[in-house]
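Step one of this worksheet: look at the structure below.
Protein chains: 2
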Amino acid sequence: MNNSKEIKKTGNIRLQSQNKILMAASTEFVLQGYRGATVQSIADRANLPKANILYYFKNKENIYHAVLEHTLQMWDEGIGDINPEDGPKAAIEKFIDAKVRMSFKHPESSKIYAMEIIQGAQHLKDFARTYQRKWVREKAQLFQQWIDNGEMRDVDPVHLIFLIWSSTQHYADFETQILTIMNRADYEDEDVETVISFLTDMILRGCGLK
Amino acid sequence: MNNSKEIKKTGNIRLQSQNKILMAASTEFVLQGYRGATVQSIADRANLPKANILYYFKNKENIYHAVLEHTLQMWDEGIGDINPEDGPKAAIEKFIDAKVRMSFKHPESSKIYAMEIIQGAQHLKDFARTYQRKWVREKAQLFQQWIDNGEMRDVDPVHLIFLIWSSTQHYADFETQILTIMNRADYEDEDVETVISFLTDMILRGCGLK
DNA sequence: TCATCTGTTGACCATATAGTTAAGTTTTTT
DNA sequence: AAAAAACTTAACTATATGGTCAACAGATGA
Numbered sequence: 015m016n017n018s019k020e021i022k023k024t025g026n027i028r029l030q031s032q033n034k035i036l037m038a039a040s041t042e043f044v045l046q047g048y049r050g051a052t053v054q055s056i057a058d059r060a061n062l063p064k065a066n067i068l069y070y071f072k073n074k075e076n077i078y079h080a081v082l083e084h085t086l087q088m089w090d091e092g093i094g095d096i097n098p099e100d101g102p103k104a105a106i107e108k109f110i111d112a113k114v115r116m117s118f119k120h121p122e123s124s125k126i127y128a129m130e131i132i133q134g135a136q137h138l139k140d141f142a143r144t145y146q147r148k149w150v151r152e153k154a155q156l157f158q159q160w161i162d163n164g165e166m167r168d169v170d171p172v173h174l175i176f177l178i179w180s181s182t183q184h185y186a187d188f189e190t191q192i193l194t195i196m197n198r199a200d201y202e203d204e205d206v207e208t209v210i211s212f213l214t215d216m217i218l219r220g221c222g223l224k
Numbered sequence: 015m016n017n018s019k020e021i022k023k024t025g026n027i028r029l030q031s032q033n034k035i036l037m038a039a040s041t042e043f044v045l046q047g048y049r050g051a052t053v054q055s056i057a058d059r060a061n062l063p064k065a066n067i068l069y070y071f072k073n074k075e076n077i078y079h080a081v082l083e084h085t086l087q088m089w090d091e092g093i094g095d096i097n098p099e100d101g102p103k104a105a106i107e108k109f110i111d112a113k114v115r116m117s118f119k120h121p122e123s124s125k126i127y128a129m130e131i132i133q134g135a136q137h138l139k140d141f142a143r144t145y146q147r148k149w150v151r152e153k154a155q156l157f158q159q160w161i162d163n164g165e166m167r168d169v170d171p172v173h174l175i176f177l178i179w180s181s182t183q184h185y186a187d188f189e190t191q192i193l194t195i196m197n198r199a200d201y202e203d204e205d206v207e208t209v210i211s212f213l214t215d216m217i218l219r220g221c222g223l224k
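Sequence order for the protein chains is A and B. Taking our numbering, I'd label the letters of the first sequence as residues 15 to 224. Taking our numbering, I'd label the letters of the second sequence as residues 15 to 224.
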């Protein structure tokens, strides 16, 4: 007990610092890109001396790896599963709902992910090649079954997934543009619901489910 | 005549070099980001000595400005106009068609644009605040009229524009991911048509136009 | 109290990079 | 052909940056 308490205590300091660093680093990586984000700028944002940053993470690339790992975890949690028993309508509704909420809740994750892909997915190629490809194949097959059963219109399932990804992530990645165009300073809670119902409506109709 | 010929000649050398530099710079900026793209790397890609790059463009930021200007010109040309006389169906068809073709033809422009927006649109805020906002307002009004006339379903015109932007640009920006997932090396000509017909079909249905 | 482990930090270094300069070469003009 | 303008480029400079190190501080356990 005494032992575990002590471990927890030191562990907390570690985790606290690491978290502070990762948050600061995420912001810097989004704002300045990988090369543009300097260890010093991350340190400044985290209110820690540079050497302290490099005590917790051996080097800049390791910080980035940790940020990416966190991003992928978000992606994984936020994807919202598509279950056979839901049927196409509920499945699409849940999927869109999860992705939109994720976009509004963790825009930095979406942005870091987007920048990685745009720049050629150097660090994520394996992820896309294995995990993601498998995920898309599986879900596409599911949609295809629903199509074959006449439960939804005959639309290309893979492109359908791309459509849902792109239209939902857009609100995170292009936040700046969207807010500027709508002449607003920030998103509000009701925006999430508006977007969900707009996209759900459009896409369900596109799939002949409404 | 002699005079104009000579001017043209020198002008050509200038333009040729500048173009070579801008192409190389675009690639580097996409691949490495603004800070990550070094003048040397641009020089290498353009097969010119570094000092020569800086003879044509006073500094790195000027290169970037020139690249962005080119990007915005692409955006402007590729947006495809939305005309009142087309009616909603043809208008949406034309709009999607233009955007998708642009995405497949000039993915680097789309990528540079996307990275700028994701990073906070430091260099494009004015563009979005004036030109783009006006464009969206105008086109949204047009859609609203069609809606009021009962020519299309009552969907939020602004979000409709966002949907078309996001879903079409996705094929440029997330090229790497899409190709990896589809287990392909490159896009083919027929992909453009597939995407156009998929998105047109989905979105027209969403708008009750099919 | 002493020893050890964890964390903190200023000072330092090697290197990469943006940008300058000066000495050229080539092209254009007169 | 001579002068001027446009272009080319190696060498250099100042600075920013990633990363190391060594000295120190604080907690923990015996």
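Cβ coordinates follow ideal geometry from the N, Cα and C atoms, glycine included.
Taking Cβ positions, are residue i and residue j nearer each other than 8 Å?
i: L36/A; j: A80/A; result: yes
i: M216/B; j: G220/A; result: yes
i: K108/A; j: G94/A; result: yes
i: L223/B; j: P121/B; result: no
i: S124/A; j: H184/B; result: no
i: L7/B; j: I110/B; result: In the structure displayed, chain B extends from 15 to 224; residue 7/B sits before or after that span and is not available.
i: K34/B; j: V53/B; result: no
i: I126/A; j: M129/B; result: no
i: K113/A; j: I178/A; result: yes
i: R49/B; j: R147/A; result: no
i: A39/B; j: A51/B; result: yes
i: P98/A; j: L174/A; result: no
i: F141/B; j: Y201/B; result: no
i: R143/B; j: T194/A; result: yes
Going by other Cβ atoms of all chains shown within 10 Å of its Cβ, with 16 needed for buried, is residue i buried or exposed?
i: L218/B; result: buried
i: A65/B; result: exposed
i: E207/B; result: exposed
i: E189/A; result: buried
i: Q30/B; result: exposed
i: A135/B; result: buried
i: E42/A; result: buried
i: T85/A; result: buried
i: Q46/B; result: buried
i: N104/B; result: Residue identity differs from the one stated: residue 104/B is Ala in this sequence, not Asn. By the neighbour-count rule (16 or more Cβ atoms within 10 Å), A104/B is not buried but exposed.
i: K153/A; result: buried
i: Y69/B; result: exposed
i: A199/B; result: exposed
i: D187/B; result: buried
i: D170/B; result: buried
i: I27/B; result: exposed
DSSP three-state label for residue i, please.
i: I93/A; result: coil
i: M166/B; result: coil
i: V209/A; result: helix
i: S181/B; result: helix
i: N66/A; result: helix
i: F176/B; result: helix
i: H79/A; result: helix
i: K74/A; result: helix
i: G222/B; result: coil
i: L138/B; result: coil
i: F157/B; result: helix
i: T214/A; result: helix
i: K23/B; result: Residue placement at K23/B is flagged as unreliable, the pLDDT there being 42, under the threshold of 50; the coordinate-derived value follows with that caveat. Helix, per DSSP.
i: F43/A; result: helix
What residue range is occupied by the uninterrupted alpha helix (DSSP H) comprising residue i?
i: R115/B; result: 101-119
i: Q133/A; result: Taken as a continuous stretch (DSSP letters only), Q133/A belongs to no alpha helix (DSSP H), as it is neither H nor E.
i: A199/A; result: Note, A199/A: premise wrong, no alpha helix (DSSP H); not H, not E.
i: R59/B; result: 53-60
i: Y145/B; result: Per DSSP, Y145/B belongs to no alpha helix (DSSP H) and is neither H nor E.
Would the C-beta of residue i count as close to the ligand SAM, meaning under 7 Å from any of its heavy atoms?
i: A142/B; result: Among the components modelled here there is no ligand, and therefore nothing to report on the ligand SAM.
**Q.** Residues, ordered as in the chain, of the stretch 181-193 of chain B that lie near chain A by beta-carbon distance below 7 Å
**A.** Within the stretch 181-193 of chain B, S181, H184, D187, F188, T190, Q191, I192 place their CB atoms closer than 7 Å to a CB of chain A, listed in sequence order.
Q.
Short of 7 Å Cβ to Cβ, which residues in the stretch 26-47 of chain B face chain A?
A. Going along the stretch 26-47 of chain B in chain order, one finds V44, L45, Q46, G47 with a Cβ nearer than 7 Å to chain A.
Q.
Taking beta-carbon pairs under 9 Å, can you tell me which members of the stretch 102-119 of chain B lie near chain A?
A. Interface annotation for the stretch 102-119 of chain B against chain A: empty, criterion Cβ-Cβ distance under 9 Å.
Q: Select from the stretch 70-92 of chain B all residues with a C-beta closer than 8 Å to any C-beta belonging to chain A, and list them in chain order.
A: For the stretch 70-92 of chain B, the set of positions with a beta-carbon nearer than 8 Å to some beta-carbon of chain A is empty.
Q | Residues of the stretch 150-169 of chain A with Cβ closer than 9 Å to any Cβ of chain B, in chain order | A | Residues of the stretch 150-169 of chain A with a C-beta atom less than 9 Å from some C-beta of chain B are V150, R151, R167, V169, listed in chain order.
Q.
Beta carbons nearer than 8 Å to chain A: which residues of the stretch 197-220 of chain B have them?
A. Residues of the stretch 197-220 of chain B with a C-beta less than 8 Å from any C-beta of chain A: N197, T208, V209, F212, L213, D215, M216, I217, R219, G220, listed in chain order.
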